[in-house]
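Encoded as structure tokens, the structure appears first; notes follow it.
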Amino acid sequence: FFTVLLTDQKRFLEERSEFPDVHQMIFTDINDYDNLITVIHNLKKTGKNIKGIFSFIDYFVYVAACLSEKFCKSMISTDAIYHMENKILTRNVLKNLPISLNYLIYKPTESLSSFLKTVEMKFPLVVKSPESAGSKDVLLAKDRDQLISSMQTLLKKRPNEEILLEEYVDGPQYLVEVLVHNKKVHIIAVIEQEITFFERFIVTGYSLLGQLDTKLHYSLLNAIHSVVHAFDIKNGACHLELRRVNGIWKLIEINPRISGGAMNRMIEVGHGINLVQETIQLMLGNKPSLNKKHYKYVYTHYLTVAYRGKLIRVTGKKRSSKYPGVEEVYIKPKKGSILKPPKSMGDRCGYVLAASFSKQEAKRIALEAAKEISFDIEPMNTTA
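Now the structure itself:
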């Protein structure tokens with residue numbers, strides 16, 4: 001295939017050599033749908049036969065699916081993607097299922113004070129923007145004052161947008177990567193998440209389960225089947241974040257794409273499946289190859305910083321990489337970057353990914369290797 005990347009990121013063009021798999025890069029406004037149609041028409045005029053249009057980035061997953069419907073023989077359930085990309089639409093789709101959480105919707109046409117008088121849900125509550133991604137606009141409210149503050153924060157950013165209030169449920173959280181092919185549900189990977197609460201919910205540890213307990217597998221499969229059926233997904237990829245409360249699975253999030261960060265690499269190391277590649281095969285109308293070649297446990301520890309500052313240097317990456325069992329060490333920021341404690345997943349500074357045939361050993365290796373890495377930071381004024 002000939003790969004064309006449409007982007008509005010100038011740095012991608014400046015770092016062209018870092019994208020060897022991209023044959024042509026076009027700098028354009030990807031937020032303008034009509035412009036995208038024009039760009040693709042122009043590509044067709046040069047003799048290119050468009051076989052597939054994809055994105056693995058929030059919001060653009062649906063845009064790409066619509067374009068694929070227009071220009072290609074699309075196999076993807078576009079309407080399901082549309083509903084999954086909006087947290088309020090997701091809750092409405094699932095509202096009659098046991099997997100759903102209790103929730104309320106605030107409409108910006110309402111008076112905030114009169115709405116708050118009607119709130120009968122117990123604290124703590126999770127306050128979300130329906131379009132939020134990567135924890136940026138997901139806030140925890142432990143009492144009425146925090147609820148007011150959280151809602152005002154979101155209204156300041158998006159004054160005309162609805163706000164979703166959900167009950168907070170406690171318990172271990174799992175991320176499940178799923179591929180649906182001709183209505184058949186395939187669980188590709190199950191990952192335990194370790195969540196650290198900074199000012200936001202940030203996942204700092206991912207533990208891919210090599211072997212899955214049979215009882216856990218079937219309880220997850222039944223829960224996921226109910227979600228896939230509700231969204232009427234015939235073909236597509238998604239990942240679900242679930243918590244088990246009193247023996248019942250509760251859906252925290254669903255997104256119509258593979259999870260970002262190190263996820264594709266984790267699945268490749270753990271099971272020998274390149275999920276991005278197989279998702280593309282699915283979207284092209286081909287049968288994805290989903291046979292697991294092995295069952296390793298993989299642990300990814302994400303790196304964060306405790307205070308805001310300019311990055312002077314990073315030390316210890318090579319030492320960390322040499323630990324037996326370490327598969328990959330990734331450092332995201334470059335020298336001179338401004339680092340800060342994470343308020344979204346995008347603020348994480350890198351990761352150490354380790355594998356073993358033991359769950360505990362994979363985690364131990366990743367955490368030990370991560371101790372070698374140090375970010376030397378020149379502190380900055382927190383208000384800067």
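Position 341 (the sequence shown) corresponds to 341 in the UniProt record's numbering; numbering is contiguous.
For each residue, glycine too, the CB sits at the ideal point set by N, CA and C.
Collapsing the DSSP output to three states places Q281 in a helix. Secondary structure at M25: strand, using DSSP grouped into helix, strand and coil.
For L13, the CB contacts under 7 Å within the same chain, skipping 5 residues up- and downstream, are M25 and F27 in chain order. Under the criterion of beta carbons closer than 8 Å, A354 and E327 qualify as touching, at roughly 6 Å.
For K363 and E110, the gap between their C-alpha atoms comes out near 48 Å.
Under the three-state reduction of DSSP output, K44 falls in the helix class. Judged by DSSP in its simplified three-state form, H186 adopts strand. Inclusion of N92 and M121 in the CB contact set at 8 Å is not warranted, their separation being larger than that value. I81 sits in a helix when the DSSP states are folded into three classes. The three-state secondary structure of Q9, taken from DSSP, is coil.
In the structure shown, K128 adopts extended strand secondary structure according to DSSP, grouped into three states. T304 sits in coil when the DSSP states are folded into three classes, being neither helix nor strand. Of the residues assessed, T46 falls on the exposed side of the cut-off, its CB having fewer than 16 other CB atoms within 10 angstroms.
For K136, the closest C-alpha among the options F60, D143 and K128 is that of K128. Taking the Cα of M151 as reference, the smallest distance to any Cα among L116, N182, P172 and R16 is reached at L116.
Per DSSP, the continuous beta strand (DSSP E) segment holding Q173 begins and ends at Q173 to H181.
The Cβ atoms of R313 and D376 lie closer than 8 Å to each other.
If you keep only unbroken beta strand (DSSP E) runs of at least 3 residues inside the stretch 190-239, you get 201-208.
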